[in-house]
Ligand code: NAP
Ligand code: MG
């Protein structure tokens, strides 16, 4: 652990240019436990001058530090060392994330703790195989062209609170593999775990300024995104903020990747084995208490089996143990904030007002005096045009919608402002793939949903721009340069 950090739960400084610097901001950021509603920790705020310093440090790393001259192999070795340092911290990181955002520890200890190291190792390996320069005989006649892959430059990384470690590393690992430097601004709700990356970067001996970690809210995020020293922005979060960032980047002609919201469909085919489908739906539809961008929150069921599917999904929702997120038996924790609970409750009220039927849930669980809990809630008799079927709720709320034939199911799945993900549940995988091909989304899972680090992840329509992960995710941090040689 770094000497300046009094504890993982109480940070005193920002990580800029390879050192722990005092913030020039007057404020600090308190993190409140979603379970106890008591303070769990505190971090310094960030002022614009600190953003300037962090961006300057990142620029320095790209010009003056050894980082700029390292070959891909040396960078890959550094990524592996960073992975080692994060892996050592994985249990502490998982506990920290759970304390901050209420993610069940069963999820944080399998995803948020060990996940970042896995992503780094994937990109380290990829960096070793991708040539930095490639020679091509000129297609237009005589001469040779040297095509170079150069780092885009300074990357502004702005991330939300729902999977803070994973979503940060989807960006940082690819950016570092490409030779970029990053300034990371976490969400205030999960500001503490972001400093695990700073500690690890120091321990791994990354050159100064390659990784910088600042704090702050939307105003500081906006200042960073529009900063003249930033070359590219990588954002995950709401569609609303993504649009605002996209507008700024459009004006600046600044490359941007936006991973935004979703309202993905789970299409249950009439041949589905419901018992096994429902086990898969627990992960695909309700992961992290529904606060997951790719969650299949619209279940489309064949009319002939509609009641059966509604009952099975409702039984699933009732069976998930609600409680203390640090208890390994807990499947549904509290929502991240009182504001998020209000938002989810207002959607439940809207569903009722639109005439949808609450099959289970619909309120707060009775057994808790504290904690921002909402019961897993299932709506039946929902029309695909209702707000609960069109808008991202980001909580443990599922709607079940009947369809008459597969064409209608696909049309309904695609009739959404979003296009991030989806799932198909069937006993015939080939048929599942056939349906997946027809879905207008960035990803689809057949009989499960699992992100693959080796394949592009992202969305179409209001779900965003660009892709993360896989070789395609590395390309997002590469600028090509062609050098024409006469011979
Ligand atoms: P958000 O408003 O999109 O915030 C995401 C991050 O961007 C935070 O770090 C935020 O800081 C920052 N930010 C806000 N305005 C900014 C701006 N103009 N320029 C640069 N950065 C800015 O997400 P949220 O408030 O945490 O959640 C609201 C809703 O977004 C949720 O209910 C959910 O529907 C959706 N959401 C989706 C995802 C996803 O993975 N697709 C993730 C999280 C949330 P501040 O929070 O301090 O404003
Ligand atoms: Mg926020």
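In the working numbering, the protein residues as written are 5 to 491. C-beta atoms are modelled at their ideal positions from N, C-alpha and C, and glycine is treated no differently.
In this structure, residue 178 sits away from residue 483, with a CB-CB distance that is not shorter than 8 Å.
Distances from the CA of residue 401 to each of 431, 428, 342, 291 were compared; the closest alpha carbon is that of 291. Sixteen is the threshold: since fewer than 16 other Cβ atoms of the shown chains lie within 10 Å of the Cβ of residue 26, the residue is exposed. DSSP places residue 199 inside the alpha helix (DSSP H), whose first and last residues are 198-207. Residue nearest to residue 243 within the set 408, 455, 423 is 423 (criterion: CA-CA distance). For residue 90, the enclosing alpha helix (DSSP H) starts and ends at 76-92.
Across the structure, residue 262 and residue 273 are spaced so that their CA atoms are roughly 32 Å apart.
In terms of Cα proximity to residue 123, the closest of 71, 101, 80 is 80.
Using a Cβ-Cβ distance cut-off of 8 Å, the region 340-348 and the region 43-56 are not in contact, since fewer than three pairs of beta carbons, one from each stretch, lie closer than that value. In this structure, residue 236 lies away from residue 211, with their beta-carbon atoms at least 8 Å apart.
DSSP, read as helix, strand or coil, puts residue 216 in strand. The alpha-carbon of residue 74 is positioned some 15 Å away from that of residue 213.
For residue 252, the three-state secondary structure derived from DSSP is helix.
For residue 328, the number of other beta carbons within 10 angstroms of its own is at least 16, and it is reported as buried.
Looking at 201, 232, 208, 207, the one whose alpha-carbon comes closest to that of residue 218 is 201. In the structure shown, residue 422 falls within a strand segment according to DSSP collapsed to helix, strand and coil.
Distance from the Cα of residue 349 is smallest, within the candidate group 65, 266, 381, for 381.
Contact between residue 162 and residue 104 does not hold, since the beta-carbon distance rounds to 17 Å and is not under 8 Å. By the Cβ neighbour-count rule, residue 454 is exposed, with fewer than 16 other Cβ atoms within 10 Å of its own.
When secondary structure is reduced to three states using DSSP, residue 363 falls in the strand class.
The Cβ atoms of residue 321 and residue 429 lie no closer than 8 Å to each other. Counting along the chain, the unbroken alpha helix (DSSP H) around residue 287 starts and ends at 278-290.
Within the same chain, and ignoring the five residues on either side of residue 233 in sequence, the residues whose Cβ sits closer than 7 Å to its Cβ are 59, 60, 63, 158. The alpha-carbon of residue 65 is positioned some 11 Å away from that of residue 216. When DSSP reads this structure, residue 11 sits in a beta bridge with 14.
For the pair residue 404 and residue 386, the CB atoms are nearer than the 8 Å cut-off. In the three-state reduction of the DSSP assignment, residue 465 falls in the strand class, which pools E and B. With three or more CB-CB distances shorter than 8 Å, the region 387-401 counts as touching the region 352-370. Selection 40, 38, 50 evaluated against residue 16 yields 50 as nearest (Cα-Cα).
Checking the 7 Å criterion, the Cβ of residue 191 is within range of a heavy atom belonging to the ligand MG.
With a threshold of 16 other beta carbon atoms within 10 Å, residue 363 meets it and is buried.
Residue 225 has its alpha-carbon roughly 9 Å from the corresponding atom of residue 190. If you check the CB distance, residue 336 and residue 268 do not come in under 8 Å. Going by C-alpha positions, residue 254 is about 26 Å away from residue 181. Residue environment for residue 485: exposed (fewer than 16 other C-beta atoms within 10 angstroms of its C-beta). Here the alpha carbon of residue 302 sits roughly 10 Å from the alpha carbon of residue 416.
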